[in-house]
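Student:
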Amino acid sequence: MATTTIDPVNVRGGLRRRLSRVLYQHPRLRLALLLGGPIVWLLVAYVGSLVALLVTSLYHYQTDPTGLVPRLVTSPSTTNYQRVLDAGVYRTVAFRTIGAALSVTVIDLLIALPVAFYMAKIARPWARRALVVAVTMPLWAGYLVKGYAWRAMLDPAGGVLHEVFGHSPGFGLSGTVVTLSYLWLPYMIIPIYAGLERLPNSLLEASTDLGAKAGRTFARIVLPQLRPSIVAGSIFTFALTLGDFYMAQIVGGTTQFIGNIVYREFSANLPFAAAYATLPIVVMIVYLALARSSGALEEL
Amino acid sequence: MYMSRAARYVLATFTTLVLLVLYFPILYIARLSINKARSYAWPPQGFTLQWWRAASHATGPRDALFRSLETALLASAIALVLGTLASFALTRYRFFGHNAVSFIAVLPIALPGIVTGIALNSGYHRVGINLSLFTLVVAHATFCIVIVYNNVAARLRRLAPSLEEASADLGADIFQTFGYITFPLMRSALLAGGLLAFALSFDEIVVTTFTAGSGFETLPLWIFNNMFRPNNLPLVNVVATVVVVLSIIPVYLAQRLSDGALGASGR
Amino acid sequence: MKHANRLAVLAVALVLVAAACGSSSKSTTGGGSTSTKPTGQQTLGAGEGSVSILAWPGYAENGSNDPKIDWVKPFTAATGCKATVKYFGTSDEAFNLFKTGQYDVVSSSGDATLRMVADQDAAVINTSLLTNWNDLDPLLKVKPWNSVDGVVYGVPHGWGANLLMYNKNVVKPAPDSWGSVFDANSPYKGKITGYDSPIYIADGALYLMKTKPDLGIKDPYALDDTQFQAVVDLMKVQRPLIGEYWSDYLKEQDAFIKGSLVLGTTWQITTNGVQADKTAPPVAAIIPKEGSTAWSDSWMIDAKAKHPNCAYMWINWITKPDIQAQVAEYFGEAPANLKACTLTVDKNHCATYHAGDAAFYGQLSYWKTPTAKCLDGRTNVTCKDYAAWTAAWDTIKG
């Protein structure tokens, strides 16, 4: 392959050749050119904003008895963090949200594993393609619309689940967990499927040949190999749940998540919203640090 | 292979069930788009095409669809360039800060949307940038970079460096090697990453809520604003149905061109 | 090593950001009142060719969803002001968006207006430039939620009361008091609803104002520490009774139609929606004996509006009798311009919504932004401001 050294479209070959040589001889320059754009973008647009948010979280509003609106005090203080720690409600909501994120992740994992396994290792090639399409398509159907569809299904009075199966979890925490598990399921199936597809069949056959039953092969061979894919999927399901607030509004009844409070306080008291938002940031950074050791960050 | 017939049968049934659950809400919406009653109540009542007729006259959802396409195209184009550059830098070079850079690239997708949203929103305000298409595209591109990056990086890692070395040995310069060797080999990964980024941007609402400018209603925002209006709720059902049907095009493209690679897998 | 690298990157970012914020951070100042009475813009010049409108969904329809529902395009045709519209979902959102200075004109509810004035975002309105000012309901003009010390900042648009709706099949005997939604032993536990916003705390305050005179509440929006604590405790008693809070009326309407909710605060439009549905159980909506809270929306102009003339033209347009009739019927509210009442398609519209009904007004406490300076005139205590109400709402929802 690639035996040609003639470039048919090359008009300014001389200059390009020279440039190529310079680049070839200076790997650092090459690196700088490659990395410059992305790094400036991420630092300025993203990390900059995050840091600005952290700075804002150190501001606070002070009640002004003479004025109509509170005064913004910009000298750094831990007032907002104090409030997060002191008022029990912020802890309760944090635990509820993290609990929901973990539940959604576990539910999705339990559903995704067998489905992805069937897709990658049992289904015929044509069926495999069809299944990948079938799993991806729902992602296009609109997150809010699907949320409302679930509202219609979960409704304790006249919803599909109640009418057809005689039972519905109703609007509340469990309804929200069910809905979120539904919404994020494809994000779990796809990386696991990709991971399984990369797993050579010969490995599984070898295990069988050596006398291992399916369950044992799965636990000893498949699962350890799949870890990065599973962790990658879990980052989606966990992070997406951790930051969600629309579904708590739509199917959550009276449930509120971290996102609902941040959203509400964002309008009323931005410094406090910023302080409370550092909680999911810290949780995710810890999660990512743990995930990183499994090499999952490359699977996202 | 190594599984009993019964086990395969159980897995097939389970997969079928999961697919049914996955599609039921979507089919339900499609059914509601031709429902006589305006509400979501079960069971659906009667048939009517009046919502489809109304939707065909409504310019609101059509404009919103074009805005979403515009945003998603721009954002995924930027993400394709930056993500590809980053993946070359991070797979081909070891340097000080390597890990930090790859970590930061992942952050925008791993941190909850509300965090990204309020961070960018207050960041823009701080430096005095008014919200507009520009701010929205910047926000979307930011969380799309990692999608492209991961797809391309996965491909590059599997690409034998010997091919490129051979090309160089035969006298090709850096650009020729890229044009004749590397690019064709990573094209499908680029496409998969680009499509995924496009899909992510197209349906995004949380970050969008905080970064879209005045009057710039993307499709999810349009849906959000109209879901609460009883007169327009049936239109929302029609629009959602249309989008699902239209999504066959990109999903099919992804299948055909990337040869089944949708996640990180390149095969 | 990994950590060191990450720190290095963060440090770079910090420097970048510090440079960025140092130059442009603007601190908010309190207090908006001045000693001489400001009069606002003196003359109405030619239109600037465009106007940016911030509105509740349904207040500025341009026919994009239903070609028949359109009063924005005719406005542009009549004035040459090309209008862009941004919708908001809550008063808090409106306040934040308006603060950015990107909008010329906003439809603001009473729980946001004073904040906008205090933040010096709102312009004084010269009522002599308003063509419909004299036709607007006197009961809505120059009120505490759209003016400060007699200076007009908001032009009335329309209003509605927060009623008590109940399912007649289930809730027996018919309730006549807000006590029915605060009763810890309510038989309707889990099927009661409340409005999902900090301003809903005022409903509890109104109830205690009438039933616990010892607390000395004079105005549900002016609560000192003791009063506020009592109200918050009441709201916490209510919390387990609530099946769902609502912030979009469609959600409540649907729940009443299906029967998953049977009792709670509502808007007239929601009740109409339920009553119009053939499958719905019979419902009624009343003003309980304690009276009710209510909302009244006003149009306000940005103090630094880029298109002030077009903003005035928009206000003149939206307060015209025929346009008021269209908006009031589409949105489901009482119009501010009473001349609209003869132009509505449903001739009973104004009667249904009690437009101009002074006796009805008397029972209502309109939404106002709670401020530290007590709105009831007390000067010896500090009242809880809106931020405190929001923080309390976090806790009440739990």
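Residue numbers (my numbering), protein chains in the order written: chain F, 1 to 300; chain W, 1 to 267; chain V, 1 to 398.
Beta carbons: idealized from backbone N, C-alpha and C, even for Gly.
(1) List the residues of chain F that D119 (chain V) touches, going by C-beta distances under 8 Å, in chain order.
(2) In terms of alpha-carbon separation, which member of W:E165, W:L107, W:D63 and W:Q176 lies closest to I145 (chain W)?
(3) Name, please, each residue of chain V whose Cβ falls closer than 7 Å to the Cβ of L235 (chain W).
(4) Among V:G101, V:N126, V:L129 and V:T127, whose alpha-carbon lies nearest the alpha-carbon of M116 (chain V)?
(5) Look up W184 (chain F) in the DSSP assignment and say whether it is helix, strand or coil.
(6) Is the region 94 to 103 of chain F close to the region 197 to 211 of chain W, with three or more CB pairs under 8 Å?
(7) Tell me the residue span of the alpha helix (DSSP H) that contains L343 (chain V).
(8) For a cutoff of 8 Å on Cβ pairs, would you count D111 (chain V) as touching chain F?
(9) For Q321 (chain V), collect the residues of the same chain with a Cβ closer than 6 Å to its Cβ; drop the 5 residues on either side in sequence, then sort them by chain order.
(10) Between the C-alpha atoms of Y149 (chain W) and L185 (chain W), what's the straight-line distance to the nearest angstrom?
(11) If contacts are defined as beta-carbon pairs under 8 Å, then T265 (chain V) and V283 (chain V) qualify, I think. What distance do you get, rounded to the angstrom?
(12) Can you find the residues in the same chain that come closer than 8 Å, C-beta to C-beta, to V105 (chain V), ignoring five residues on each side of it along the sequence?
(13) So with CB distances below 7 Å, who are the chain A contacts of D63 (chain W)?
(14) Chain W partners of K258 (chain V), CB-CB under 7 Å?
(15) How is G110 (chain V) classed by DSSP in three states: helix, strand or coil?
(16) With a threshold of 8 Å, are at least 3 pairs of Cβ atoms found where one atom belongs to the region 180 to 198 of chain F and the other to the region 71 to 90 of chain W?
(17) Does the region 28 to 48 of chain W touch the region 142 to 156 of chain F, meaning 3 or more C-beta pairs lie closer than 8 Å?
(18) Under three-state DSSP, which class holds M165 (chain V)?
(19) Report the neighbours of H125 (chain W) on chain V: residues whose CB is nearer than 8 Å to its CB, in chain order.
(20) Find out if the Cβ-Cβ distance for the pair L203 (chain F), I230 (chain F) is shorter than 8 Å.
(21) May I ask you to verify whether the region 236 to 245 of chain V touches the region 173 to 193 of chain V, counting CB pairs closer than 8 Å and requiring at least 3?
(22) My understanding is that T90 (chain V) touches S197 (chain V), with C-beta atoms under 8 Å, so please give their C-beta distance in whole angstroms.
(23) Could you name the residues of chain W that L144 (chain F) contacts, counting a contact when the two beta carbons are closer than 7 Å?
(24) Below 8 Å on the Cβ atoms is my contact criterion, and I expect Y246 (chain F) with G175 (chain F) to pass it. Report the Cβ-Cβ distance as a whole number of Å.
(25) In this structure, how does DSSP classify D176 (chain V) when only helix, strand and coil are distinguished?
(26) Could you tell me the boundaries of the alpha helix (DSSP H) in which R28 (chain F) lies?
(27) May I ask which residues mark the beginning and end of the beta strand (DSSP E) holding G233 (chain F)?
(28) What does N62 (chain V) pair with, by DSSP beta-bridge criteria?
(29) From the DSSP output, which residues share a beta bridge with I242 (chain V)?
(30) Kindly provide the ranges of any alpha helix (DSSP H) runs that are 4 or more residues long and lie completely inside the region 205 to 249 of chain W, ordered along the chain.
(31) Looking at chain W, is there any beta carbon in it that lies within less than 8 Å of the beta carbon of S103 (chain F)?
(32) What does G60 (chain W) reach in chain V if we use C-beta pairs closer than 7 Å?
(33) Counting only the same chain and skipping the five closest in sequence on each side, list residues whose C-beta sits under 6 Å from that of L114 (chain V).
(34) Quick one, which residues of the region 166 to 189 of chain W are near chain F if we go by CB-CB under 9 Å, in chain order?
(35) Counting only runs of 4+ residues fully inside the region 138 to 199 of chain W, write out the alpha helix (DSSP H) ranges in chain order.
(36) Is there a Cβ of chain W sitting closer than 8 Å to that of W126 (chain F), yes or no?
Tutor: The relevant details are as follows:
(1) V69
(2) W:L107
(3) N65
(4) V:G101
(5) helix
(6) no
(7) Premise fails: L343 (chain V) is in no alpha helix (DSSP H) and is neither H nor E.
(8) no
(9) Reading off the sequence shown, one finds Pro at residue 321 (chain V), where the question assumed Gln. Closer than 6 Å at the Cβ level, and outside the excluded window around P321 (chain V), lie N337, K339, A340 and L343.
(10) 15 Å
(11) The Cβ separation is near 13 Å, so there is no contact.
(12) V51, S52, I53, L54, W299, M300, I301, D302, A305, A311, W314 and I315
(13) Chain labels in this structure do not include chain A; the protein chains are F, W and V.
(14) A41
(15) helix
(16) no
(17) yes
(18) strand
(19) T100
(20) no
(21) yes
(22) 7 Å
(23) I205, P220, I223, F224 and M227
(24) The Cβ separation is near 14 Å, so there is no contact.
(25) coil
(26) P27 to W41
(27) No beta strand (DSSP E) contains G233 (chain F), which is instead part of the alpha helix (DSSP H) from L223 to L242.
(28) V:D70
(29) V:I192
(30) 206 to 211, 219 to 227 and 233 to 246
(31) no
(32) S64 and N65
(33) T369
(34) A166, S167, A168, L170, G171, A172, D173, I174, F175, Q176, T177, G179, Y180 and I181
(35) 161 to 169 and 174 to 177
(36) no
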